[in-house]
Every structure is written in C-alpha cells, then in structure tokens.
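**Q** Chains as they are written, first to last, in the numbering used here: chain A, 1 to 589; chain B, 1 to 111. This is the structure I want to talk about, given as structure tokens.
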C-alpha cells in the first residue's frame, strides 16, 4: 500500500474561512506566514524572521559555497531550540559529515545520542541497477518517515537531493516522485531545507526550483582580486518581505554568520549630545573644550609618520580610562608593536588589555575580501559591544577592492558603528604629504563627523608636524593650525609662531621665540635704567633741599642770637641810668 | 512479513544445483507489489526452476530494513547469491530486463 499524499489544499481552505469571517474585506487575508527561526546568525534578520514554517526551502549554489554547512547549522541550532532534525545525506557519509563539522564545535554524535538528530545516509548507486517495469521511490519516503518519527523531527535537510538524478534514468518517474516528496514534506509539517547544485544559467542543475516555490536562497562564493567572498541572497520568499540584496556571510569557528549590514538605515539612531575626550586636553580644547561627540565618526588623516596612530592610541586610552570598552582594529601593526610604540610616548596600553577594556584585532588587509572584513568587524563588534572603535588605518582596505567598493564598504561600516552609538576613530593614510589628501578622501568625507588633519611641514632642514581640524559637525571648534609635538612625555599641541615669515614651527619657532625673548630683555633693561636715573635725580634734589634747610637753620640761629644780645644790652643801659640818678641824689628829678 | 516460496523438485538434475537467493522488497500490498511478486515467481519457474529461493520483504512492516539495505526504489529485487550482488528495480514485467539485471543472459549462452 503506497502512501497517498494528502494534497496541500488545507492551508488555502483555512484562508477562505478567514475571509468568510470578515465579509467587508473583499480580498481574503490568509494567515500570516509563520516563520521558523533558523538560529543561524543573521539569516533570520535577512529573512525577517526565518524560513517558512512547515515548508521546504531550496538552498542552491556552486560547489563549496556552504550549502551543506547551512543545512547542518539549521539542524544544530534547531537541536538547541528543542526542535529535533533529520539530515538526509545523498553525497557524504555520516562519518564524513561528523568530521567536517567537528571543527565548528558541533558534536553530531552527541546530538544523535541525545535523540536530537538523525543522520540518514542514502547511497545512490547507478551502476548496478537494472530497470524492469514500473517503480516509485517509496523506499525513500519510508526511510525519511522513519527518521522523522524516530526523534519527532521538526526540521529536515535533504542534502544534494539531485543525486537521485544520477541513480534513476527515468526522469519522468523521478520528477513525479519529487512532486510527491515536497507535498509529503508539507503534509508532515516539517520545515525543510533542500540543497542543490547550481546549474548552467539556472539556479539548479535539474530545475528543483520549480518544485520549491516558497523560499529559495542562493549562495555564492566569488573570487575577485584573488580574494574570495561568500554571499547569500534570498531569491524569493513567497508571502513575505525579505532583504533582496546580496549579503556577505562568513564561515568561522562558530558556523555561519550572515551580515545584514546593507539593511542598516540612516536615521535609525539618536544623535548623542554627549562628548567624549580625545585623550589630550589641548586637543579637547580645540573641540570646544570637550572632545568628540559620542557615536560620531572621526577621521584622522595624514601622511605616514605624522602621528595618526598616536592620536588613535590616545583616544583608546581615554576610552579605557572611562572604564569603557575599546576595540582596536590594526591592519598594519601587531598588538605588541603598538603597545611597545605607545609606551615610548608615555602611554601604557598594556594595562587596559590586561583588564580586558582594550581589545586588539589585527589582520592583514589582503587576508579577506572587503565584505568579509566588514563581516568580521560586524561580528566582533556584536560580540564585544565596545563603546569605541579604532580602525588603523582605514585606507588599507583600498588594497583589497576598487575605490567604489571601498567607499561603499566604509560607508556601511561607519553607519553600522554610528547606529550602535559607537564612537569610531579611523586613521587614513595619505599616499604623500601633498595637498591631494583632501581631494582623494572626498568620497568618504560626507560620512565623517570630525576630521583631523595631521601634516608634516618641511622647513629649514627639518620636518615638523602640524594639526588642524578640517571639520567638526555640530560644535564650535578651533580654526587654528597647531604644532603637534610627540615626545616621551606624550603629545602636545603648541601654538605655532605666526608672524611676518608665516607660520613658524620647530626650530624656526624656537629661534623666533629666542629673538623675541632677547628683544624683550633689552627693553626691560632700558626701562630699568630710566627708572634708576629718575631715582638718582630725586636723590640729588632731596640732598639739595637738605643743604638749603641746613643753611637756613644756621642763619636763623645767628639772627636769634643777635636779637637776644640786643635785648640784653638795652636792659643793661636802663639799669645804669637808674644807678647814676641814685648816686646823684634828687638833683635829677 | 517474510514469505518463503520453496520450489518443487529440481528440474535439471544433471547440472550441479546452484542456489539462487533472491530478495524482493515491496511496500505494502499494492497492485504493483503483487504484480512484482507474481512476475518474479513466473520468471524463476521459467529460468531458475528448482534452484531458487525468494524472500519477500514488506518495508511498510519493517521500514528499518530500507535503511539497513539501502533501498530507495520500490519494488527492488536483489540477487544475494550467487555473488556479486545485483539489483533490479520495477515490477519485473519485462523479463528480458530481469535476465540482464540478474546476469542470467551469459549463463544461458554458456549452457
């Protein structure tokens, strides 16, 4: 007795009853599609919730694009969510499958023992089979049914179902059986993934996409500029919105990560008014005394050796000082190199890495494609949840893609960080210290909030660094060019000498300052002399006054003496006259 | 369900009796299954009289065997003995294909 498949009309009937219940609505509104969250990172975001529940999904793509892995992860994640699964393998043996995914930390043997997974290996051997009369593939149905019942499977993966076409020459029978199989899967209510190899000019080699009408996902593994990038695209998803773009995806030690980065929208986040320190007081002063906006994108550009990394390290240090997490993507130097170099300017980054506040992520630009770099940043940011990110230098991505791709990637990258309120500081290496820097970066300037330029000025036989703010949105900022000094004590920003000879820096500034000091000294000395002269005059005057006073005093004493003697003489004369009268008797009176 | 059909007396006593172990996998009592069983019996009586042994396995009763014996198509006829193992799929209505499938053609020629 063959299993007569029930037809799939049940769903549509249900849709009709809904329509009857709501007479005014002309068009019947079917039940909203239920979705089965796959648990594969990012895939559920791209499909806005997961795969169609209880229906088959076709996953197609070229060899080595990750179809089998996607299927297996679907089951492994299902097992974690108490949804047991069946993996029907037409290509590989159970041992091979188990070994292949062991490196991703998936222990298929344990899952099988726990009754969460069944691996059903189907061998299709074309050589030894002769056909006599009519047949069907009931054996396949029986085996699948048995496996599903064994663990109460909710999920099924048919890996490389098209292998059947190699085993059975009568494709008419096969196609009829495939129709039956897909209906049967729907009737069983399992959410299924069917993988198929990409065909010439078609999604699959044997046109399986005709059978699976609900959801088709295409995987691609493309090589451009010797760099391979994996991409995923939802070709169709009946009855559901979905991201239509190609999304890069990664296969790493945790499995698949799809990156819905292109879905990041502008305006989905609130611009913060909070300010964060640049790590240097003098630089903070240039930004209105407060530093960058939190969640803004900062670009530091300059030629090589102009001190970009030092500025980046200061910013990282300031972030960690606030006990916030900072992620440092280094594409040119290793972690130990940066830590050592920054120690030479008095910055101890090692203390932050030891406390887990600072995390370095170093890789070579050419190690991945642009998309994968983006994916990597996305993944690490999602894992670490930092409040600040340093990308040093961002221009190293130019080595991997074209300028257009680079701009698109940077835009998405910075948008991603901004949407998560992460302050980002990127350094940009200008090929030369020439003027063209600003021109070459116009592509990304529109997404930069604060832009610092560090320049090397060559003058009088030496190179000196100068720094200025090209732009800083939404804040008052200095328009001054500062001289940018890096010493073992750290970085300093000094007002350069501005005079007749233009802006002077370095020794020239020092010389000029020395000259100024000398001139100042001279003037001070003259003043002192003048003051002294006046003092002397005053002293001379005082002396003369004293002398005249002494003369007057002497004269006064003399006069007083004369007066006194005169008076005494007069008194004496009167006395003598009386005595004479007395001696003469009365004769006189 | 396992059914064994023992043949009657050996038709050719002259040739050394070579035992043929045949196994037929069916799924339930469908017309196609019944036809396959009937066709196989007729075929054996005609070509292997007296030296064959047929085992019919119903996979609906015992689906585990479909996995263990790697059966996909129904009906499937398997020649277990003499080696090597041979498979013929279908309701066995075309006896010439069965002859080829069971490797009986060259044997007849030799005889």
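Glycine is no exception: its CB is placed at the ideal position from the N, C-alpha and C atoms. Quick caveat: nothing in here was measured; it's all calculated off a predicted structure.
(1) In chain B, what lies closer than 8 angstroms to residue 622/A by C-beta?
(2) Quick check on the DSSP output: what are the complete alpha helix (DSSP H) runs of length 4 or more inside the segment 37–70 of chain A, in order along the chain?
(3) Would you say residue 59/B and residue 139/A are within 8 angstroms of each other, going by their C-beta atoms?
(4) In this structure, does DSSP put residue 135/A in helix, strand or coil?
(5) With distances taken from CA atoms, which of 119/A, 307/A, 205/A and 49/A is nearest residue 146/A?
(6) Is it true that the CB of residue 117/A sits closer than 8 angstroms to the CB of residue 177/A?
(7) Taking Cβ-Cβ distances shorter than 7 angstroms, what residues in chain B pair up with residue 643/A?
(8) Less than 6 angstroms between C-beta atoms, sequence neighbours within five positions excluded: which residues of the same chain meet that for residue 312/A?
(9) Counting only Cβ pairs nearer than 8 angstroms, list the residues of chain A close to residue 63/B.
(10) Please list, in chain order, all residues of the same chain as residue 298/A whose beta carbon is under 8 angstroms from its beta carbon, the five residues on each side excluded.
(11) So what does residue 25/B bridge to, in DSSP terms?
(12) Would you check if the distance between the CB atom of residue 388/A and the CB atom of residue 319/A is smaller than 8 angstroms?
(13) Within the same chain, show all residues whose beta-carbon is closer than 8 angstroms to that of residue 264/A, passing over the 5 residues directly before and after it, in chain order.
(14) Which partner residues does residue 329/A have in the DSSP bridge list?
(15) Identify the contact partners of residue 87/B in chain A, using a Cβ-Cβ distance below 9 angstroms as the criterion.
(16) I'd like the list of long-range same chain contacts for residue 57/A, defined as Cβ closer than 6 angstroms, with 5 residues on each side in sequence excluded.
(17) Residues of chain B with a CB under 8 angstroms from the CB of residue 139/A: which are they?
(18) DSSP on residue 192/A, reduced to helix/strand/coil?
(19) Which class does residue 182/A belong to by DSSP, given the choice of helix, strand or coil?
(20) Examine chain B for any beta-carbon lying closer than 8 angstroms to the beta-carbon of residue 187/A, and answer yes or no.
(21) What does residue 100/B reach in chain A if we use C-beta pairs closer than 7 angstroms?
(22) Is residue 474/A a contact residue of the ligand NAD, with contact defined as CB to any heavy atom under 7 angstroms?
(23) Given 8 angstroms as the limit, is there contact between the segment 167–175 of chain A and the segment 72–89 of chain A, that is, 3 or more CB pairs closer than that?
(24) Per DSSP, which one or two residues make a beta bridge with residue 451/A?
(25) I'd like to confirm the pairing. Which residues does DSSP put opposite residue 156/A in its beta bridges?
(26) Whole angstroms are fine: how far does the CA of residue 212/A sit from the CA of residue 183/A?
(27) Compute the distance between the beta-carbons of residue 359/A and residue 384/A, then report whether it is under 8 angstroms.
(28) Just to make sure I have the definition right: I need the residues of chain B whose C-beta is within less than 8 angstroms of the C-beta of residue 159/A. Which are they?
(29) Return the bridge partner residues of residue 251/A from the DSSP annotation.
(30) In chain A, which residues lie with their C-beta within 8 angstroms of the C-beta of residue 51/B?
(31) In the DSSP output, what is residue 463/A paired with across the bridge?
(32) Output the distance between the C-alpha atoms of residue 519/A and residue 397/A, rounded to the nearest integer angstrom.
(33) Determine the chain B residues that contact residue 44/A at a beta-carbon separation under 8 angstroms, and present them in chain order.
(34) According to DSSP, what are the bridge partners of residue 218/A?
(35) Give a yes or no on contact between the segment 20–29 of chain B and the segment 48–59 of chain B, applying the rule of three or more CB pairs nearer than 8 angstroms.
(36) With a threshold of 8 angstroms between beta-carbons, can residue 136/A be considered close to chain B, or not?
**A** Concretely, from the data shown:
(1) In this structure chain A extends from 1 to 589, so residue 622/A is not present and cannot be described.
(2) 43–46
(3) yes
(4) coil
(5) 119/A
(6) no
(7) With chain A covering only 1 through 589, there is no way to say anything about residue 643/A.
(8) 390, 392, 425 and 427
(9) 142, 143, 145 and 146
(10) 292, 315, 423, 424, 425, 426, 448, 449, 450, 451 and 452
(11) 57/B and 76/B
(12) yes
(13) With a pLDDT of only 49 at residue 264/A, under 50, the local geometry of the prediction cannot be trusted, and the value read off the model is given with reservation. Excluding sequence neighbours, residue 264/A sits near 412, 415, 416 and 419.
(14) 361/A and 391/A
(15) 125, 128, 129 and 130
(16) 51, 193 and 215
(17) 25, 27, 59, 66, 71, 72, 73, 74 and 76
(18) strand
(19) helix
(20) no
(21) 130
(22) Looking for the ligand NAD in the displayed structure turns up nothing, as the structure carries no ligands at all.
(23) no
(24) 299/A and 471/A
(25) 86/A and 192/A
(26) 10 angstroms
(27) yes
(28) Result: empty, since nearest Cβ-Cβ is about 15 angstroms, beyond 8 angstroms.
(29) 256/A
(30) Result: empty, since nearest Cβ-Cβ is about 21 angstroms, beyond 8 angstroms.
(31) 458/A
(32) 53 angstroms
(33) Within 8 angstroms Cβ-Cβ: nothing; residue 44/A doesn't reach chain B, min ~33 angstroms.
(34) 60/A and 233/A
(35) yes
(36) yes
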